[in-house]
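Quick notes on the structure that follows.
Residue numbers (the working numbering), protein chains in the order written: chain A, 1414 to 1525; chain B, 494 to 604.
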């Protein structure tokens, strides 16, 4: 079964540093997303991406965040200057159409 | 604002049936999904209801009442491996719209 692949699985970074989280969505999917989940809390929407541009973003997705689809396969989330409160699990997801989103297994980001 | 309410935890025994309820108040509504998450891993899609009524997929069923802004996930013949967190999530539009998740229900299945 096709998978959404995320790397790295764990990332530890110092406060103020830039991080790039990488995702390879399912190849024929059209819509791509980043969600995050702070430990023990619900999954929160960050941003959606369609047709090579952001289609929607949440209040969490401020100027410190950016997304790119640099080639036909990768989809990245960049956090320019990490804060302690950015520590969370970050999930990439994709969907072609329909109802069932496929999530990656996540990147656990720890900001120290 | 957007809110989805579900119980924080439920405990049941192997072989039993358990129902996890979800009520929602959202700015839009296209359908209600259910996702399973083991130990903070990838949320896995279980089921989806766009219309009122019951959808059955093996041991799992999901129900929706749009007029009541209410749905539930029914798990039958519980197995130990069903111990996980279960999230309801509202899909806000027909296209690739975002999902709004509830806080999750932690299900513990006991022998």
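Where is the CB? At the ideal position from N, CA and C, for every residue including glycine.
Keep in mind that this is a model prediction, so the values were computed, not measured.
| Supposed close pair residue 1443 of chain A, residue 1509 of chain A - CB separation, criterion 8 Å | The beta-carbon separation of residue 1443 of chain A and residue 1509 of chain A, rounded to 5 Å, stays under the 8 Å limit for a contact.
| task | Assuming residue 1512 of chain A and residue 524 of chain B form a contact by the criterion Cβ under 8 Å, report the distance between their Cβ atoms to the nearest whole angstrom. | result | Confirmed, Cβ separation roughly 6 Å.
| query | If you compare alpha carbons, which of B/574, B/514, B/518 is closest to residue 495 of chain B? | reply | Checked all of B/574, B/514, B/518; the closest Cα to residue 495 of chain B is B/518.
| request: Establish whether the CB of residue 1455 of chain A and some CB of chain B are separated by less than 7 Å. | output: So yes, residue 1455 of chain A belongs to the interface.
| request: Output yes if chain B places a C-beta closer than 7 Å to the C-beta of residue 1451 of chain A; else output no. | output: With 7 Å as the cut-off, residue 1451 of chain A does not count as an interface residue toward chain B.
| said: Below 8 Å on C-beta distance, what does residue 593 of chain B contact in chain A? | reply: Listed by position along chain A, the residues whose Cβ is nearer than 8 Å to that of residue 593 of chain B are 1458.
| Since residue 1438 of chain A and residue 1507 of chain A are thought to touch, with beta carbons under 8 Å apart, how far apart are those beta carbons, to the nearest angstrom? | Yes, they are in contact, since the Cβ atoms of residue 1438 of chain A and residue 1507 of chain A sit about 4 Å apart, within 8 Å.
| field | Beta carbon of residue 512 of chain B nearer than 7 Å to that of residue 567 of chain B | value | Result yes, Cβ atoms of residue 512 of chain B and residue 567 of chain B sit closer than 7 Å.
| message | Which residues in chain B have a C-beta closer than 7 Å to the C-beta of residue 1503 of chain A? List them in chain order. | response | By Cβ distance, chain B contributes nothing, its closest Cβ being about 12 Å from residue 1503 of chain A, past 7 Å.
| task | Just grab the DSSP bridge partners of residue 601 of chain B for me. | result | Looking at the DSSP assignment, residue 601 of chain B forms a beta bridge with B/504.
| said: Once DSSP output is grouped into helix, strand and coil, what is the label at residue 1481 of chain A? | reply: If DSSP states are grouped into helix, strand and coil, residue 1481 of chain A belongs with the strands.
| query | Given a threshold of 16 other Cβ atoms within 10 Å of its Cβ, counted over all protein chains shown, does residue 590 of chain B qualify as buried or as exposed? | reply | Residue 590 of chain B comes out buried.
| task | Consider the Cβ of residue 494 of chain B: report whether some Cβ of chain A lies at a distance smaller than 7 Å. | result | So no, residue 494 of chain B is outside the interface.
| Could one say the Cβ of residue 538 of chain B lies closer than 7 Å to chain A's Cβ atoms, at least one of them? | Closer than 7 Å: yes.
| request: Along the beta strand (DSSP E) that carries residue 1523 of chain A, what are the first and last residues, could you check? | output: First-last of the beta strand (DSSP E) with residue 1523 of chain A: 1520-1524.
| query | Skipping 5 residues on each side, what residues in its chain have a beta carbon closer than 7 Å to that of residue 504 of chain B? | reply | Same-chain partners within the cutoff: 601, 603.
| task | Starting from residue 519 of chain B, trace the beta strand (DSSP E) both ways and give me its first and last residue. | result | Where residue 519 of chain B is concerned, there is no enclosing beta strand (DSSP E), given that its DSSP letter is neither H nor E.
| Stretch-stretch touch, CB-based, cutoff 8 Å, three pairs: the region 1516-1524 of chain A with the region 558-577 of chain B | No, the region 1516-1524 of chain A does not touch the region 558-577 of chain B.
| field | Contact with chain A by residue 577 of chain B, beta-carbon distance below 7 Å | value | For residue 577 of chain B, the answer is no, since every Cβ of chain A falls outside 7 Å of its Cβ.
| task | Look at the Cβ atom of residue 539 of chain B, then the Cβ atom of residue 529 of chain B, and state whether they are nearer than 7 Å. | result | Yes, the Cβ-Cβ distance between residue 539 of chain B and residue 529 of chain B is below 7 Å.
| Exposure label - residue 578 of chain B; buried when at least 16 CB within 10 Å | Looking at its Cβ environment, which holds 16 or more other Cβ atoms inside 10 Å, residue 578 of chain B is buried.
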